[in-house]
Amino acid sequence: MDIHLAALKDPIIGQDFLTWLWFACESREGRFSAAGLGDFLVFVEQKVSVQGGDGENVETAQVSGPYSELTEARQGLKGGKRVNRAWVRFEQDGAAWTMTLKAEDLSPNSLRTPKIETKTEEGDDPDAPFLEKMFLLERAGALLDAVFAEFLKLRFSRDWTGELAGFGRWLAR
Amino acid sequence: MGILAGSGSFTRYRIVEEVTPAKLAQAPELLRKNSFRDIDAGTDERSFGWVCLDDWLDPQWRTAPPEKGHFLAMSLRLDTRRISPAVFKKHVLLAFRAEKEAAKDQGKKFIGKDRKTELRDQVRLKLMARALPIPAVFDAVWDTLTHAIWLASTNGKVRALFEDLFTQTFELHLEPQGPFFLARRLLEPARIDDLEEIEPSPFTTL
């Protein structure tokens, strides 16, 4: 039952989240903060895919460009489409993580963490590169969870209507 | 895919049940019990099981134990034998021809349906024995403090295989941390019902 319900609701929640995330990142210049994590930056850039329609009439538009404003994707939003895939960059203390998020599963695809030194010298803990990589992967997961938790708090609050109005103003700019 | 690679795609899971200290203590032995078995010498089409994350040719963890700090590190190895359909077709035709020749000598004019099926199975077995299994390895890490799991793959078939083998090995079930389950974990309990009723937000109609 849970699995079927999840399959039904995953794209709805995921698209709401990614659509809001693009707006939230731009309207606050990427600034986010979370208890236990401190301040960090989040940017949606370079590649965004928007989707609209139902069943056999689903339409998807993927827009990419390293320094692009992703205007075509914004046009898609104006036409009622929602973000179903986005390239996201997290930054904290000079370190950067990038990943592609798909609305249906929010799995970190093509996740690139800050570089680690994989070579160890004699006397070093042979597990040190692994432990450093896991720290960085888990930090990426924690940053993503923090942003998602902020979205959920807003999404199920009275403030969501105001957030949607802000989204509309951002889109009209 | 290696967990240490510069870039990788991951599926995140949580363990559904409570994990007892006894289960954690047992985990390295359970991994060994469900380790990968080599099929190079046989004709099996597929084999899968756990191997050491530091050396995927090591199903006994002689290279390094699975415990790394508070993590349990493992790799899922999947070996698959594949026969090209064109090669199979060719050898079936050759087998049919040889059978017809032999049948002629006995005064028969055609090969029966059952015999054809038998010949196809024989050809498949013969070719399987000659095909080397193609190995694939997917790293997975279990954080034993949070019971979060990272699998270095987002492929649906690999995920299903990993989830089944994990449950078979540890008698624990995994919940993928997609939007719904992740939200259910992060939301306050009073909001869970709202989550189940969620519909798309009207982003452009206000």
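Going down the list, the protein sequences come from chains D and B.
Residue 1 is where the first sequence starts when you use my numbering, and the numbers rise one by one after that.
Residue 1 is where the second sequence starts when you use my numbering, and the numbers rise one by one after that.
C-beta: ideal position from N, C-alpha, C; glycine also.
Computed from a predicted structure; not experimentally measured.
Query	Result
Taking the CB atoms as reference points, tell me whether V48(D) and V63(D) lie closer together than 9 Å.	yes
Within the same chain, show all residues whose beta-carbon is closer than 8 Å to that of E175(B), passing over the 5 residues directly before and after it, in chain order.	Y13, R14, I15, V16, F181
For E218(B), which residues in the same chain have their Cβ closer than 8 Å to its Cβ, ignoring the five residues on either side in sequence?	Given a span of 1 to 206 for chain B in the structure shown, any question on residue 218(B) remains unanswerable.
Pick out whichever of L125(B), V87(B), L57(B), G178(B) has its Cα sitting closest to the Cα of H4(D).	G178(B)
Pull up the DSSP beta-bridge partners for S7(B), would you.	R112(D)
Whose Cβ in chain D lies nearer than 9 Å to the Cβ of V214(B)?	The requested residue 214(B) does not occur in the structure, where chain B is confined to residues 1 to 206.
Would you say F40(D) and A34(D) are within 9 Å of each other, going by their C-beta atoms?	yes
If you run the structure through DSSP and keep just helix, strand and coil, what is N57(D)?	helix
Only counting the same chain, and skipping five residues up and downstream in sequence, which positions put a Cβ closer than 8 Å to that of T167(B)?	H173, L174
Cutting at 7 Å between CB atoms, please list the residues of its own chain near F26(B), excluding the five before and the five after it.	According to the sequence shown, residue 26(B) is Gln rather than Phe. Hits under 7 Å: none found.
State the Cα-Cα distance for the pair P28(B) and W61(B), rounded to the nearest angstrom.	9 Å
Compute the Euclidean distance between the alpha carbons of L37(D) and K68(B), then round it to the nearest angstrom.	24 Å
Buried or exposed for Y67(D), please, with buried defined as at least 16 other CB atoms from any protein chain shown within 10 angstroms of its CB.	exposed
Which first and last residues belong to the beta strand (DSSP E) in which Q51(D) is found?	38-52
Just by C-beta distance, which residues in the segment 152-184 of chain B are closer than 9 Å to chain D?	T154, E175, P176, Q177, G178, P179, F180, F181, L182, A183, R184
Figure out for me which residue from K126(B), E101(B), T11(B) has the closest Cα to the Cα of G42(B).	K126(B)
Alpha carbon to alpha carbon, how far is G52(D) from D55(B)? Give it in angstroms, no decimals.	46 Å
With a threshold of 9 Å between beta-carbons, can L206(B) be considered close to chain D, or not?	Residue placement at L206(B) is poorly supported in this model, since its pLDDT is 48, which falls under 50; the coordinates are not used for a value here.
Here's the rule I'm using: 16 or more other beta-carbon atoms within 10 Å means buried, otherwise exposed. How should R28(D) be labelled?	exposed
Which runs of the beta strand (DSSP E) fall wholly inside the segment 10-65 of chain B and span at least 3 residues, in chain order?	11-15, 46-51
Following a CB-centred definition, is W20(D) positioned closer than 8 Å to any heavy atom of the ligand SAM?	Summarising the ligand content, the structure contains no ligands, and the ligand SAM is consequently not present.
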